[in-house]
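At the far end of the sequence shown sits residue 1272, using this note's numbering, and the numbering has no gaps.
A short write-up of the structure that comes next.
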Amino acid sequence: MPFMLLFIAGIVDAIGFIHLKNGLFVSFMSGNTTHVAMLLSSHQYSQSLYYIGVIFLFVAGITVGEMIAVLQQQNYRWLVMGTVSILLCSAIFIEKITIPIMTNFVLAFAMGLQNIALRITINKAMPLTFATAFLANTGRELAMLLLGQGDKKVFIKQISLWLSIFIGAIVGSQLMALSLIYALIVPIMLCLCISGLLFWLRALTDGE
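Now the structure itself:
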C-alpha cells in the first residue's frame, strides 16, 4: 500500500509541476518552502503568494484528513482515498472554468489529505511525500550494511519507497505529454481502486 500511495504522489506532483511550468510542486513542500524564501528575499511578493497558497492548502488537507481519521477510526482510510479521488476529478473541471493555479491548489489539498491514508496507529502516520526522509533512511541502512550490522530487507524497503515516488514522477511526466485531463485519469483510477479495496477489507474485518 505505501508504495502505491507514493507512486500516486509522484504522478500528481509531476502533473502539478508541469502544469504551471514554474517549479511549483503540489506534494513536495520542501521545494516550495525554499522557493518561498527565495522569492521573499528578492521582494517577489506576488509570485510568492502562489507557493504560500499551495503550502497552506497542503497543510489544510492534512488537517482535514486528521479530523476524518479521529472521527472515523474504522472507516477513515477508504473515506480519505475516496475524497482524494473526488478532488482529483474536480481538478479536471476546475481547470476548464478558472485560472490554472486553482487546479494546483486543489491538487495540493488532495495530496495533503492523502498523507493521512497510511497510519501505523491512529496517532502516528507515515508521511507519504517526504522523499528526503526515504533517501536519508536509505543512506543510514546502507551504512549499517557496509558495517555488517544492517538488514538488507530494511534497506530494500527504504530505497523502494523512494523509487515509488521517482517512478511515479516519470509516469506523470509522460502522461502530461498528452494533456492534463488524460494525465489525471491514471491517479484517479488508482485512488478509486485503493478506496474500493480498503472498503472491502474493512467490510471483511467487520464481518468477522
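Glycine residues also receive a C-beta, built at the ideal position from the N, C-alpha and C atoms.
Original post:
If you compare alpha carbons, which of 1265, 1256, 1263 is closest to residue 1150?
Top reply: 1256
Between residue 1144 and residue 1171, is the Cβ-Cβ spacing less than 7 Å? no
Contacts around residue 1167, its chain only, beta-carbon distance under 6 Å, and the 5 residues preceding and following it disregarded | 1155, 1158, 1159
Among 1088, 1082, 1092, 1081, whose alpha-carbon lies nearest the alpha-carbon of residue 1070?
1092
Note to self: Taking the beta carbon of residue 1215 as the centre, do at least 16 other beta carbons fall within 10 Å, making it buried, or is it exposed?
What the structure shows: exposed
Own chain residues within Cβ distance below 8 Å of residue 1206, not counting five before or after: 1214, 1219
**Q.** Assigned exposure category for residue 1127 - 16 Cβ within 10 Å defines buried
**A.** exposed
*Counting only the same chain and skipping the five closest in sequence on each side, list residues whose C-beta sits under 7 Å from that of residue 1247.*
So the qualifying residues of the chain are 1079, 1236, 1239, 1240.
message: Considering only their Cβ atoms, is the gap separating residue 1229 from residue 1074 smaller than 7 Å?
response: yes
- [ ] State the DSSP-derived secondary structure class of residue 1276, mapped to helix, strand or coil.
- [x] One cannot answer for residue 1276 here, as it falls past the ends of the chain, which runs 1065 to 1272.
> Rounded C-beta distance between residue 1223 and residue 1202? I'm assuming under 8 Å.
Replying inline: 5 Å
Are residue 1125 and residue 1169 touching if we call contact CB-CB under 7 Å?
-> no
Does the beta carbon of residue 1110 sit closer than 7 Å to a beta carbon anywhere in chain B?
The question asks about chain B, but that chain is absent: this structure has only one protein chain.
Chain-order list of residues whose beta-carbon lies under 8 Å from that of residue 1109 (same chain, five-residue window excluded): 1103
In chain order, what residues of the same chain lie with their CB nearer than 7 Å to the CB of residue 1012, ignoring the 5 residues before and after it? With the chain covering only 1065 through 1272, there is no way to say anything about residue 1012.
Is residue 1139 helix, strand or coil when you go by DSSP?
coil
Label residue 1161 either buried or exposed according to how many other C-beta atoms from any shown protein chain fall within 10 Å of its C-beta, with 16 as the threshold for buried. exposed
DSSP three-state call for residue 1217: helix, strand or coil? helix
*Any idea what DSSP makes of residue 1092, helix, strand or coil?*
coil
**Report entry** Minimum C-alpha distance to residue 1199 - residue among 1221, 1211, 1065
**Finding:** Minimum Cα-Cα distance from residue 1199 among the listed residues 1221, 1211, 1065 corresponds to 1221.
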